[in-house]
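Quick notes on the structure that follows.
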Amino acid sequence: MFRSKPSVNLPVKPHIFTAMQVMDIETLNHSTDLDLRPVLPGLVRMALCAPLDGSEKGKELRKMVLAILSRLQVVNSIVDMLSIDFHALEQDVKKEQQLRAKIGGNITESVLVSQLPHGIALEFERSESDPAQRIRLLLSQLLFISSEACLSIHYFFKI
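In C-alpha cells form, the structure reads like this:
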C-alpha cells in the first residue's frame, strides 16, 4: 500500500487561523505540532519582536507563546533564519551581480563569500550553525552558474 508523505505546503487549519487572530493561546497550546507548523514563523515573530501591547496581559500572552514554541525543535531554525540581515544580503547580491556582469571581471572574485580554502561543499557543511553563511554560499554558486549559462548562450549565438 502506498503511503503519502506529509505535504510541505500544509494549509492553515481554520481553528488555528482563528486562534491566531484572537490570540487563543489555549487552542494553540492544545494543537498538534503538525497543525502549528504553517504558522510557526508568525508565532516566532510574535514571541521575539518587541510587543506593541506593553500591558501585563500582553506580556503573559507572549510568555505563553514562548512556552508553546519551546516544545518545537524546528523553531531554532526559524529564529536563525529570521536573524539574517536580508537587506545587507540583498546589497551584496547586487554587488556580486554587477561584478559578474562587468566585462573582464575575475570570475573567482566574490562579494558574498571570501576565499574558500576547503572548497564550497566543505564550507557549506562547516557553516551548519551559520544560516547566513550558508545562504551566501548558495547565492554565490547560483550567481556563478547563472553567469556561466549567460556566457555560454552568448558564445553559442555569436558563432
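Using the numbering used here, you'd call the opening residue of the sequence shown number 7 and step up by one each time. Don't be surprised by glycine CBs; every beta carbon is placed ideally from N, CA and C.
Residues of its chain near residue i, where Cβ-Cβ distance is below 8 Å and the 5 sequence neighbours each way are ignored
i: R77; result: D39
Neighbourhood of residue i by C-beta distance below 6 Å, restricted to the same chain and skipping five residues each side
i: P44; result: L16 and V18
i: G64; result: P57
i: E62; result: none
i: L148; result: none
Residue i versus residue j: straight-line alpha-carbon distance, rounded
i: V71; j: N35; result: 8 Å
i: L42; j: L75; result: 10 Å
i: A73; j: P47; result: 15 Å
i: A107; j: V81; result: 38 Å
i: E131; j: G125; result: 10 Å
i: A252; j: A155; result: Residue 252 lies beyond the residue range present for the chain, which begins at 7 and ends at 165; the question has no answer from this structure.
i: C55; j: L49; result: 10 Å
i: V85; j: S133; result: 16 Å
i: F23; j: Q79; result: 22 Å
i: L128; j: I141; result: 14 Å
i: K100; j: S152; result: 14 Å
i: S135; j: L143; result: 14 Å
i: F92; j: S83; result: 16 Å
i: K69; j: Q97; result: 36 Å
i: S37; j: S158; result: 52 Å
i: Q27; j: D59; result: 15 Å
Beta-carbon proximity list for residue i, same chain, < 7 Å, skipping 5 on both sides
i: G111; result: With a pLDDT of 49 at G111, under the threshold of 50, the predicted position of this residue should be treated as unreliable, though the coordinate-derived value follows. Cβ neighbours of G111 beyond the five flanking positions: L105.
i: R9; result: Confidence at R9 is low in this model, with a pLDDT of 45, below 50, so the placement of that residue should be treated as unreliable; the coordinate-derived value is given next. Nothing meets the Cβ criterion.
i: M29; result: L67
i: H21; result: T33
i: A25; result: T33 and L34
i: F163; result: none
Cβ-Cβ separation, residue j to residue i (assumed contact under 8 Å), whole Å
i: R51; j: L88; result: 7 Å
i: P137; j: I90; result: 6 Å
When the options are compared against residue i, the one with the closest alpha-carbon
i: E102; options: E134, T33 and L145; result: L145
i: Q139; options: E62, Q97, V119 and K69; result: V119
Neighbour flag for residue i against chain D, beta carbons, 8 Å
i: L88; result: Structure shown: chain D not included; a single protein chain is present.
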